[in-house]
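See below for the structure under consideration.
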């Protein structure tokens, strides 16, 4: 018998019952007699017994549920139901059925579905009803709900069945109702009705509609029923076969997403003004609602094995399409818009936050199946062939436990047993899927937001209103998706498990990582390097929320400090210096933002592990950012180092961090020094030299403008070129001088407590030469070249710079080696420069009498110094006649300790190659890898050079 035949017979039976009720409009005689007898029992108060009291109680409760009179006699009155509670049934199924029919056909109950929903609602208040009886009554009400849905024309009603379904499911009892009818035999028949109501409302609803949250309640309740949910989400027109943006837009899910696609809203809050946060706060709840709704749909999709498999294929297709974003240039029309991408991403995070409460994550799963596509990039930059060899071969997978207890690199003869992989939990699949999506959906869009801010500034200067409004809208929608309360909670939860995942891969004893141990677990070496980018994004997001006083909240998971310090400082964990630098930048920005906005220490600084290791990690970051492999590495390193210097000045204010910084400087740790000093001096040389040259050009241009006669003789094009050049130079010079000023302030802080790293034999001459040269620029013969009309306009503060040089020379001049380095600086050293510096300091009254006396002693030391470096004296006297075999192949200077490079076989001085290896661990002649321990001492040549020097010294009477 087909479904239509069953439905026809059921409808006929139902009509027969209805006709009987309508013709008599009375309750069945048998039931009426029963009620009449019950009434008589009530009247006979002297014969009340236990059974009659129970009967009265149940009848009273049923009257309360259906709000109808059982008889024309007097009211039953209040009865203590609890006293007569028992498992005995006094009301049978046919009685309940007749009561419902009587009430449904009553002219007062025209809203049939709404009436039945109210009955269910009241039934939940009848706590004293027997459980069996309660379930029977609920079942009967649900049965009649289904009949009403199947045969709506058989009941009088002022509204359509769509309207009744809408009110039924979007109400407070919607979830209970949908859960109650889950196992009803006619469920699949009425599913289509719910589906049509869903479509009808989907076509009407808008984000700004007053019914918006009712619609959310409706679909949320609808999805509580797995049969309905599965019917909707697995409908032919719900999911696209492929996840391209065009295919998605033609599906039901695409129409649903359009409601929450916030880029379509006319929100024009300006990111650089206060109104931006006002508009953003208004949009945050909308972003949260969308993510929750899509998340619930995804939860429904993943309830069943067949739809779960389809969903993950769909998500994988979504990833494949949008990973084009990771390329430098990509077709913007072929990928998802930013806020739509974030909506999907945070909806998945929402699903993970719900699912993790039901099952655990198998962190070894990525080693079994290569779900993270490790061929792309790993922390240890393992090759694709290594990945394939280690992880999976011919459908069988390496035992992840064996990998966990191994270290990288693996010996070529090591063999791992192959196993079959068990089916992963849903939490495991979700965790690694979100992890794989993070660099596409999160990291790329954060970078996009930074570009939008820059583009917005340009558009504003060009007064392009259309572009400004468009960029503001995109930025606003992105932030609404990312920083709403639900997104923050979901991301917080995911990041907590990400930290657990990383800790699972770390060795038990974390301290060797900070000491640059080569013992790296294989599971750690094979982690994708974009994990560090996710941690950086999390720190940036947390800092943005805090500094902008948003109501959302994110907190750093336990162990986050250990991971940051380890990853930033260790070259052995991650071989990509740019990725490590991004993490260092994130934590540095967070520290500075907390100080600027709230004038308080960043929460991570209060941690004991950070007090011990953060300074060391940031100093490693300062050194390692020298070469990142990026096309913009020169400008990146200057910006990062300026930030770090500001950060060090902030940390200097805290006693624990100040002591730790002094301790590290005094230890002269070879991981950091002398490279740190070399870089800070070389950067100062480059920046200050460039800024002074440009300042000199500005001075020349100003002089031309002052001479009106000559200026007017210049043609208009030449005048415009000079003015444009001045503007460009002004912008550059202001930034460069600001950076230099920051460097000098940091140096003064450190040098007053520790001078040891700056007196190292590899850098002491560079330190002296740097400060000699720029002191001569400020107070020497060239000082007139930089006297522009307005020093403040260019951030040029010669008095402050002079004071900085004055202090630096006082701190370092206490050591005789530095006096020697000053004296032997043939490029810039002049005694009168130091005398001029003292005269200027006295003139501006910037130093105390004691300090000026100390500086005078320094000048006297320099005047009385006599060089004892025979090599330097011989080199100066002999000049170009030095034998070529005694000269450094790189610098052309006389060698003191010659060594041969193992691959290129070139001979250089040991000091020369030591300084070179601070910048790059490679042979400067053939670029092959090189360590200092690999160079070959040339003792015979060293002896010959010494004999030559002594002989020349005798000849030139230089003993």
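In full-length UniProt numbering, the protein residues as written are 1 to 959. All C-beta atoms, glycine included, are put in the ideal place defined by N, C-alpha and C. The structure displayed is predicted, hence computed values, not measured ones.
Whole-angstrom distance between residue j and residue i, CA atom to CA atom
{"i": "residue 844", "j": "residue 726", "result": "30 angstroms"}
{"i": "residue 854", "j": "residue 779", "result": "19 angstroms"}
{"i": "residue 856", "j": "residue 776", "result": "17 angstroms"}
{"i": "residue 222", "j": "residue 369", "result": "36 angstroms"}
{"i": "residue 263", "j": "residue 288", "result": "15 angstroms"}
{"i": "residue 791", "j": "residue 851", "result": "27 angstroms"}
{"i": "residue 686", "j": "residue 919", "result": "16 angstroms"}
{"i": "residue 298", "j": "residue 261", "result": "17 angstroms"}
{"i": "residue 316", "j": "residue 434", "result": "11 angstroms"}
{"i": "residue 328", "j": "residue 374", "result": "20 angstroms"}
{"i": "residue 749", "j": "residue 827", "result": "28 angstroms"}
{"i": "residue 943", "j": "residue 895", "result": "11 angstroms"}
{"i": "residue 354", "j": "residue 162", "result": "32 angstroms"}
{"i": "residue 256", "j": "residue 190", "result": "22 angstroms"}
{"i": "residue 524", "j": "residue 338", "result": "31 angstroms"}
{"i": "residue 614", "j": "residue 744", "result": "22 angstroms"}
{"i": "residue 494", "j": "residue 250", "result": "32 angstroms"}
{"i": "residue 974", "j": "residue 347", "result": "Outside the displayed range of the chain (1 to 959) lies residue 974, so it cannot be described from this structure."}
Proximity below 8 angstroms, CB of residue i to CB of residue j
{"i": "residue 938", "j": "residue 899", "result": "yes"}
{"i": "residue 736", "j": "residue 808", "result": "no"}
{"i": "residue 688", "j": "residue 794", "result": "no"}
{"i": "residue 146", "j": "residue 181", "result": "yes"}
{"i": "residue 141", "j": "residue 100", "result": "yes"}
{"i": "residue 365", "j": "residue 432", "result": "yes"}
{"i": "residue 444", "j": "residue 342", "result": "no"}
{"i": "residue 179", "j": "residue 224", "result": "yes"}
Selected residue, minimal CA-CA separation from residue i, among the options
{"i": "residue 580", "options": "277, 813, 624, 338", "result": "624"}
{"i": "residue 901", "options": "335, 438, 927, 179", "result": "927"}
{"i": "residue 837", "options": "714, 802, 849, 729", "result": "802"}
{"i": "residue 1004", "options": "439, 741, 483, 199", "result": "Only positions 1 to 959 of the chain appear in the structure, and residue 1004 is not among them; the question remains open."}
{"i": "residue 932", "options": "916, 940, 240", "result": "916"}
{"i": "residue 164", "options": "116, 205, 135", "result": "116"}
{"i": "residue 325", "options": "217, 437, 273, 219", "result": "437"}
{"i": "residue 740", "options": "834, 638, 219", "result": "638"}
{"i": "residue 254", "options": "294, 613, 193, 274", "result": "294"}
{"i": "residue 231", "options": "214, 201, 193, 212", "result": "193"}
{"i": "residue 680", "options": "840, 619, 362, 535", "result": "619"}
{"i": "residue 320", "options": "372, 913, 773", "result": "372"}
{"i": "residue 976", "options": "149, 151, 120, 148", "result": "Any question about residue 976 goes unanswered here, given that the chain covers just 1 to 959."}
Burial state of residue i, where buried means 16 or more other Cβ atoms lie within 10 Å
{"i": "residue 540", "result": "buried"}
{"i": "residue 228", "result": "buried"}
{"i": "residue 716", "result": "exposed"}
{"i": "residue 331", "result": "exposed"}
{"i": "residue 677", "result": "buried"}
{"i": "residue 883", "result": "exposed"}
{"i": "residue 698", "result": "buried"}
{"i": "residue 971", "result": "The requested residue 971 does not occur in the structure, where the chain is confined to residues 1 to 959."}
{"i": "residue 789", "result": "exposed"}
{"i": "residue 463", "result": "exposed"}
{"i": "residue 209", "result": "exposed"}
{"i": "residue 203", "result": "exposed"}
{"i": "residue 183", "result": "exposed"}
{"i": "residue 237", "result": "exposed"}
{"i": "residue 306", "result": "exposed"}
{"i": "residue 334", "result": "exposed"}
{"i": "residue 635", "result": "exposed"}
{"i": "residue 537", "result": "buried"}
Quiz prompt | Three or more C-beta pairs below 8 angstroms linking the region 650-663 and the region 745-756 | solution = Of all C-beta pairs linking the region 650-663 to the region 745-756, three or more are shorter than 8 angstroms, placing the two stretches in contact.
Quiz item: So, do the region 538-555 and the region 489-503 have three or more beta carbon pairs nearer to each other than 8 angstroms?
Solution: Contact between the region 538-555 and the region 489-503 is present, because at least three Cβ pairs lie under 8 angstroms.
Exercise. Spell out a yes or no on whether the region 467-485 and the region 555-565 are touching, meaning 3 or more CB-CB pairs, one atom from each, closer than 8 angstroms.
Key: Flag = no, the region 467-485 and the region 555-565 do not touch.
Quiz item: Using 8 angstroms as the Cβ pair cut-off and three pairs as the minimum, do the region 664-677 and the region 728-743 touch?
Solution: Short answer: they don't touch.
Quiz item: How about the region 278-286 and the region 243-251: do they share at least three Cβ pairs that are nearer than 8 angstroms?
Solution: The region 278-286 is not in contact with the region 243-251.
Exercise. Kindly confirm or deny that the region 606-615 and the region 570-586 touch, where touching means at least three C-beta pairs closer than 8 angstroms.
Key: Touching, no.
Quiz item: Contact between the region 356-375 and the region 444-462: three or more CB pairs below 8 angstroms?
Solution: As far as the Cβ criterion goes, the region 356-375 does not touch the region 444-462, which means the pair count is below three.
Practice problem: Examine the Cβ distances between the region 754-770 and the region 821-831 and report whether three or more of them are shorter than 8 angstroms. | Solution: Touching, yes.
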